[in-house]
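Reviewing the structure listed below.
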Amino acid sequence: MLILPLHRPFTRANFPFVTVLLALANVFVFLALQSGDRAGLEKLRQYYLDSGLGRIEAPAYQQHLRNTGQGDATAAFAAAGESERLAYVGMHTLTDVTFAQALRSGALFPDAGTLAQWRPLRARYEAMQDEVFTLRHIMRSSEIDPWRMLSAAFLHGDVMHLIGNMVFLLALGLLVEGAVGPLLFVLLYLFGAYGSSAVSLWWRWGEAGGGLGASGAIAALMGAFCLVWGLRPVRFFYWIGVIFDYVRAPAILLLPLWLGWELYNLFANQNLGIGFDAHAGGLITGALIGAVFVALGRVREEFVSDYAAAAAPDTRWEQAQQHLGRMQLAEADRLLEELQREQPQRFELQLARYRVARNSGRRDVLDQRRRELLAASADTVEGAQAQAEALAAIDQTGDNIDSAQRQSLTRRWIGLGALDAVEAMLDRPASRQWPQDTQAQLWFELSLGYRDRQARPQQARVLRALIERYPRQPQADKARFLLEHELAAPG
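Here the working numbering is used: the first residue of the sequence shown is 514, the next is one more, and so on.
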């Protein structure tokens, strides 16, 4: 599920300088400071295996699991192969604070000789860890380190992790920074990072992992946005499975949706390696801070109220129609293009843009608009007929529209009742190249379309044509049956 407020465009007047600086800081940390970490981690892994440190610490880790009462983990660890055990301990020792402390106490080693052998190897290993930027700043579970709780909010695991977070930061930062001002926005971001980290530590205390990423602090922006904008209608984009659209709703309604989604995943998808706990903590922290901002009157009413007009009825479609009626094609196309970016699934916008291109006489634009119209999903007979007109024009130019698209159009037109367009499609030379069973089936579906509309003479004509053209296809037998038993009856 994706819900992203897109209520205002970036302009010079409302440019969110602090938001952009925070985004640039995240990008700088990833590209400049974390850039060599993959090589550093590989160097660590190789040293851990080659130096013999792993073979010393693997039995110690198994003893640590026993000492901490992790019976299932102890059994699984003992059953694994040696290489798997070494790799597992090598990864967990990077963030397992409890294990590192137990190692330093010496209690996990069988004798003083093993401890003496371990110490210089471990010292070298920890010195190499300090060379890896991410390991110096990642938040580690079971450790309360105020610096790491903040610095981890500027780290990212990979490029997609960074891009996803920065998209949300810019979209939310525009709306929240403008509503509360740069100073309060910075405080919100920093306290949001601490709040999300604190909840994550509480939830994961005793585990061996760590956390990184700006998503907890960004979740705080989400929570604050919901409270600061409150009941004001805002425009946002949503994407759930294969369904997506732009809608307008009060901002406060997004809080239970966002929080419910994070809590659901926290319990249902615990193995995804995503910090849903930090996200939920950030949302709650941000909502509380946002409520304080509202209570103290620290919301810029001129910013959040300035767009109240956005909730008024959208008249751009009506304006575009007026421009079309006056043959002001450039003005109409500008409005239609703007609407189409916001509502890409709205067929009548595609149809109107096609008509603008047709009336303008611009051949290059018209050819493109024809293809865009055919790729759209018509929802009226008028739309289907316009698609048929566009297809006929494309066929005259000798350009190719593939069979799959033609068949899809045919079936959609049958459903809409544009049956004349369907007959024209089936009579085209390109359609005659389809497999005969496909042609016969579409002719039969066309006959059923006429039956649904009580057009008995047209239905009978199509059934006879089907029998004449495809006498050996199974659909011909169905056609004969209908002609003899259903259409032969008076009615």
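We put the CB at the ideal spot given by N, CA and C, even for glycine. Remember, it's a predicted structure, so these values are computed and weren't measured experimentally.
Exposure label - residue i; buried when at least 16 CB within 10 Å
| i | result |
| --- | --- |
| D585 | exposed |
| R635 | buried |
| V689 | buried |
| W631 | buried |
| V463 | Given that the chain is displayed from residue 514 to residue 1004, the structure contains no residue 463 and the question cannot be resolved. |
| V672 | exposed |
| W660 | exposed |
| N872 | exposed |
| M514 | exposed |
| W926 | buried |
| W458 | What the structure shows of the chain is the stretch from 514 to 1004, and residue 458 is not part of that stretch, so it cannot be assessed. |
| G708 | buried |
| E570 | buried |
| D827 | exposed |
| P987 | exposed |
| E775 | buried |
| G773 | exposed |
| A910 | Before going further, note that residue 910 is Thr rather than Ala in the sequence given. Under this definition T910 is an exposed residue. |
| S596 | exposed |
| S618 | exposed |
| I802 | buried |
| V680 | exposed |
| L535 | buried |
| D790 | buried |
| A592 | exposed |
Heavy atom of the ligand GTP within 7 Å of residue i beta-carbon
| i | result |
| --- | --- |
| V817 | You won't find the ligand GTP in this model; it holds no ligand whatsoever. |
Where residue i sits in the DSSP three-state scheme
| i | result |
| --- | --- |
| R859 | coil |
| V712 | helix |
| V645 | coil |
| I753 | strand |
| P623 | coil |
| Y638 | helix |
| D915 | coil |
| D892 | coil |
| F530 | helix |
| N465 | Outside the displayed range of the chain (514 to 1004) lies residue 465, so it cannot be described from this structure. |
| G594 | coil |
| F523 | coil |
| D827 | coil |
| W718 | coil |
| R982 | helix |
| Q946 | helix |
| D563 | helix |
| H669 | coil |
| Y820 | With a pLDDT of 49 at Y820, under the threshold of 50, the modelled position of this residue cannot be trusted; read the value that follows with caution. Looking at Y820 - three-state DSSP - the assignment turns out to be coil, as it is neither helix nor strand. |
| T798 | helix |
| I569 | helix |
| W660 | helix |
| I787 | coil |
| H686 | It is worth fixing the name first, because residue 686 is Gly in this sequence and not His. The answer is helix: DSSP assigns G686 an H, G or I state. |
| R871 | helix |
Nonlocal neighbours in the same chain, by C-beta distance under 8 Å from residue i, ignoring five residues either side
| i | result |
| --- | --- |
| L887 | Q900, A903, L904, I907, I914, Q918 and L922 |
| L929 | A891, D892, T893, V894, G896 and A897 |
| S654 | T608, V610, S713, L714, R717, W718, G719, E720, A721, G722, G723 and G724 |
| V951 | The sequence given here has Thr at residue 951, not Val. Contacts found: Q920. |
| Q856 | D758, Y759 and L862 |
| R924 | L955 and E958 |
| G582 | none |
Sheet register partners of residue i (DSSP bridge)
| i | result |
| --- | --- |
| G724 | M652 |
| I516 | Y751 |
| P746 | P763 |
| D758 | Y751 |
Proximal residues to residue i (C-beta, below 7 Å), its chain only, five neighbours per side dropped
| i | result |
| --- | --- |
| H577 | F612, A615 and L621 |
| F860 | A889, S890, A891, D892 and G896 |
| F543 | H669 and L675 |
| H650 | R661, S664, A665 and L668 |
| A573 | L616, L621 and F622 |
| I980 | A989, A992 and R993 |
| Y820 | The predicted model places Y820 with a pLDDT of 49, which falls under 50 and marks its position as unreliable, so this point remains unresolved. |
| F816 | G691 and A692 |
| Q971 | Y963 |
Beta-carbon contacts of residue i that lie in its chain and below 6 Å, excluding the five residues immediately before and after
| i | result |
| --- | --- |
| V747 | P518, H520 and A764 |
| Q547 | F646 and T647 |
| L849 | A833, L862, A865 and R866 |
| V878 | A870 |
**Report entry** contact_flag[the segment 669 to 688, the segment 520 to 530] where n(CB pairs < 8 Å) is 3 or more
**Finding:** In short, these stretches touch, since the Cβ pair count reaches three.
Query raised in the report: Three or more C-beta pairs closer than 8 Å, one from the segment 785 to 798 and one from the segment 725 to 739: is that the case here?
Result: As far as the Cβ criterion goes, the segment 785 to 798 touches the segment 725 to 739, which means the pair count is three or higher.
**Report entry** the segment 803 to 820 contacting the segment 693 to 706, beta-carbon criterion three pairs below 8 Å
**Finding:** Flag = yes, the segment 803 to 820 and the segment 693 to 706 touch.
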